[in-house]
Amino acid sequence: MNVHPKYPVFLPAFLRTGWLIGRKINKLVSELLTEEQIKQLDSIEGHTTLKQCATLFYLAYTSTKSPGRIVEIGSFKGKSTCWMAKALELAGANEKIAAIDPHINTRQRGVVPNYEEDSSFDAFINNLKNCGVIEYAEPIKKTSIEAAKDWNQPIKLLFVDGSHLYDDVMLDLKIWEPHVNIGGVIVMHDTKPTGPRTEVRRAMIDYIVKSGRFKDLLQLKNMACFTKMA
């Protein structure tokens, strides 16, 4: 394998793999999306960065030949949903993203900054329509726990971005991870080790890293991706 000189061969393999995946992400996004489409998708209000959304786009696009569903816990106004749905559209996929969010205000200070008093559901639906991808999303207007009660389908890509409280993140992982296929991907948002809330990272370490059942796929500044191995 050719390795960029910035990453000598003695560095951990996941660092080199992450760099290679980054190149693939940039290539795929630039080939499939126009500048206008990127601007439209990136203009949607949300808490995911352009790099993070591009990563979700890549993961959704490359998952289309694998069995299972894409599940998103925490959709807000649909920024990440629209990026992944656009990937499904461009891949010609016949599937929908399960977008789980009760779309109600949270009063947990610091958990979701700038979350408005009004429901985000109308904006969520409008953004999906404006991006032309409404048919690639299945809005599930429930909490993660409520939605899990009726869930019986395998998952190939799980994006965890709901409540950021430690116990809630652990619960999301406990009730949804068992549905993830071997070889499936779990993405966690807001995993940086510093800031007003580090509970997502603590839950990630306690549930995913310490289990030894997941392979580190890609680490961004504030998002972590893992492949389920067992």
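Adding 29 to a residue's 1-based position in the sequence shown gives its number in the numbering used here.
Here a beta-carbon is modelled for each residue, glycine too, at the ideal position from N, C-alpha and C.
Query                                                                                                                                                                              : Result
How would you call M258, buried or exposed, if buried means at least 16 neighbouring beta carbons within 10 angstroms?                                                             : exposed
What residue ranges within the stretch 148-226 form continuous alpha helix (DSSP H) runs of no fewer than 4 residues, ordered along the chain?                                     : 150-159, 173-178, 195-205
Helix, strand or coil for K257, going by three-state DSSP, please let me know.                                                                                                     : strand
My output table needs one value for L246: the three-state DSSP class, helix, strand or coil.                                                                                       : strand
Let's test the definition: count the other Cβ atoms within 10 Å of the Cβ of P222 and tell me whether it reaches 16, buried, or not, exposed.                                      : exposed
Could you spell out the range, first to last residue, of the beta strand (DSSP E) harbouring I234?                                                                                 : Unbroken run through I234: none, as it is neither H nor E.
Under the rule that 16 or more other beta-carbon atoms within 10 Å means buried, what is D219, buried or exposed?                                                                  : buried
Less than 8 Å between the C-beta atoms of I73 and G103, yes or no?                                                                                                                 : no
For I54, which residues from the same chain have a beta carbon less than 7 Å from its beta carbon, with the 5 sequence-adjacent residues on both sides left out?                   : A83, T84, Y87
Answer with buried or exposed for P168, where buried requires no fewer than 16 other C-beta atoms within 10 angstroms of its C-beta.                                               : buried
Indicate the three-state DSSP secondary structure (helix, strand or coil) for E124 in the structure shown.                                                                         : coil
Where are the alpha helix (DSSP H) runs, 4 residues long or more, that stay fully inside the stretch 88-132, in chain order?                                                       : 108-120
Beta-carbon within less than 6 Å of V100's beta-carbon, same chain only, minus the 5 sequence neighbours each way: which residues are those?                                       : A127, I184, L187
Beta carbon of V189, beta carbon of L200: below 8 Å?                                                                                                                               : no
Might you give, ordered along the chain, the residues of its own chain that have their beta carbon closer than 7 Å to the beta carbon of Y195, omitting 5 neighbours on each side? : E228, R231, A232
Nearest CA to the CA of V216: which residue from K239, F243, G224?                                                                                                                 : F243
Would G121 be called buried (16 or more neighbouring beta carbons within 10 Å of its own) or exposed?                                                                              : exposed
What did DSSP end up calling S72 once you bin it into helix, strand or coil?                                                                                                       : coil
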